[in-house]
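In what follows, a structure is listed as structure tokens, so that the remarks can point back to it.
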Amino acid sequence: MTRVTSADQRIPLVASLETLHGVRRDDEVVITTMGSAREWMRFGEPHPLDIVLVPSSMGHGTSLGLGLALARPDRRIIVCTGDGSLLMNLGSLVSIVAASVPNLVVIVFDNGVYEVTGQQPTAGGAGARDGARPVDYAGIARAAGFDRVFECGDVAQWRRSARAMLDGAGPTFIALDVEPVPGATAPHSPGRAADRARRFMDAFAAR
Amino acid sequence: MFTGEQIATLLSDLGVTHVVTVPDSTIGRWEPSIERHQALRLVRVCREGEAWQVAAGLQLGGATPIVMIQCTGLFESGDALRNAVHDWKLPLFAIIGYRSYLDQAKLPGDTCLVFTEPVLDAWRIDYRLVTEPSQLDVIRDHFTACRAAARPGAALIAE
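Residue numbers (the working numbering), protein chains in the order written: chain A, 1 to 207; chain B, 1001 to 1159.
Pasting the structure below:
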């Protein structure tokens, strides 16, 4: 496990996603959920291999990514999830390792709260743990069997290291310590999901 | 009801590529045959809701998955199923073990008999009930019809 963090620093969510947007390769699939979906859609015209998972079944971005990674081992699949979402589907980390998918990257944007519902603390966040330390998602990933695990709470380090973290044979788990976005709301759907599914399938098959 | 070899051959014939599963004591016995079959990949998940979303990803990626779970897992699956099948309109197919349909001695009063079929109806999953070993073709025909119409479906296997 590689730790690139500083206790007092957290990465602004938008900055963390801008970095990912900047280093993302043209043939990589990026799945965004909840807060990451909301901010990702602000970056302009969607990429044909974006899946903005809105509407979703909360927590299942990792499972959707696993299916895509199994279907297309030749493509890297990057799943952006939140800590609240991941808590709803922690078992998916175990399933991912069992499926042995080197092309799957899970990035958890850990802000410790359910941001889109009014910033209530998650059960894993410091605000709900009565002095107990917050949940160590990188530690959970490592215990689930991930060999490539990274932690980052520093925006400069994330910018420098993001591409290298994404590359390499995974499955890969990246825990980013991010700041909640004050007043943030749930993302709006960018269009009928069924239409977007069809467009994605066409684009994915063609590339 | 069926042997693993019968199921593995059937799924392979139908063009299924991945079987996403949480086992029960009936469908779990099919796993070794499915794993041995070169055309099929068995994908083990931890919870049934996961199975629907893994299958959704497989479908989006151009594969032909099925979900293979018990009816108790169907109950757990609700939101994941709803999102994949109804929001994203992915025509997923499931083989679902129907606990206590044939054997009611082991779990007298098992409420699986009360809720399984109404839950499938509520989720608008067109299903066929399979109660006899002679009905392998019921699964074949229903899967083929659902694929042709690009709609979700299920085979409910009496246990």
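Just so it is clear, CB atoms sit at the ideal spot from N, CA and C, and this is done for glycine as well.
Exercise. Checking contacts by CB at 8 Å: is tryptophan 1088/B closer than that to chain A?
Worked result: yes
Problem set entry | Beta-carbon separation (whole angstroms), serine 954/B vs glutamate 1048/B, contact threshold 8 Å | Since the first and last residues shown for chain B are 1001 and 1159, residue 954/B lies out of range.
Exercise. Within 8 Å (strictly less), CB to CB, does valine 1054/B reach chain A?
Worked result: yes
For this session: Please name the residue or residues paired with glutamate 39/A in a DSSP beta bridge.
Result: In the DSSP output, where bridge partners are listed per residue, glutamate 39/A has none listed.
Problem set entry | the stretch 46-63 of chain A in contact with the stretch 1002-1013 of chain B per 3-pair CB rule at 8 Å | no
Exercise. If you scan the stretch 1025-1097 of chain B from start to end, which runs of the alpha helix (DSSP H) of 4 or more residues do you find wholly inside it?
Worked result: 1031-1036, 1048-1060, 1071-1076 and 1078-1081
Problem set entry | Selection from Cys1146/B, His1018/B, Ala1148/B and Phe1002/B that minimises the alpha carbon distance to arginine 72/A | His1018/B
For this session: Would you please state the rounded distance, in angstroms, between the beta carbons of serine 208/A and serine 92/A? I believe it to be under 8 Å.
Result: In the structure as shown, chain A begins at 1 and stops at 207. Residue 208/A is therefore absent and cannot be evaluated.
Exercise. What is the residue span of the alpha helix (DSSP H) that alanine 141/A lies within?
Worked result: 137-144
For this session: With a 10 Å radius around its C-beta and 16 neighbouring C-beta atoms as the bar for buried, classify aspartate 50/A as buried or exposed.
Result: buried
For this session: Determine the burial state of histidine 1037/B: buried for a count of at least 16 other Cβ atoms within 10 Å of its Cβ, exposed for fewer.
Result: buried
Exercise. Can you name the residues of chain A whose CB is closer than 8 Å to the CB of alanine 1080/B?
Worked result: Ser57, His60 and Ser63
Problem set entry | Assumed close pair leucine 13/A, glutamate 39/A - CB separation to whole angstroms, cut-off 8 Å | 6 Å
Exercise. What residues from the stretch 91-112 of chain A come within 7 Å of chain B, judged by C-beta to C-beta, listed N to C?
Worked result: Gly91, Ser92, Val94, Ser95, Ala98 and Ala99
Exercise. Near threonine 1072/B, what residues of its chain come up, given a Cβ to Cβ distance below 7 Å and the 5 sequence neighbours on each side ignored?
Worked result: Arg1099 and Cys1112
Problem set entry | CB contact check: alanine 194/A to chain B, cutoff 8 Å | yes
For this session: Determine the burial state of arginine 10/A: buried for a count of at least 16 other Cβ atoms within 10 Å of its Cβ, exposed for fewer.
Result: buried
Exercise. Could one say the Cβ of arginine 1151/B lies closer than 8 Å to chain A's Cβ atoms, at least one of them?
Worked result: no
Exercise. Opposite leucine 1129/B in the DSSP bridges: which residues?
Worked result: Leu1156/B
Exercise. So what does DSSP say about glutamine 157/A, is it helix, strand or coil?
Worked result: helix
Problem set entry | Per-residue DSSP class, three states only, for alanine 7/A | Per-residue confidence for alanine 7/A stands at a pLDDT of 47, beneath the threshold of 50, marking its modelled position as unreliable; the derived number appears in the next sentence. The answer is coil: DSSP assigns alanine 7/A none of H, G, I, E or B.
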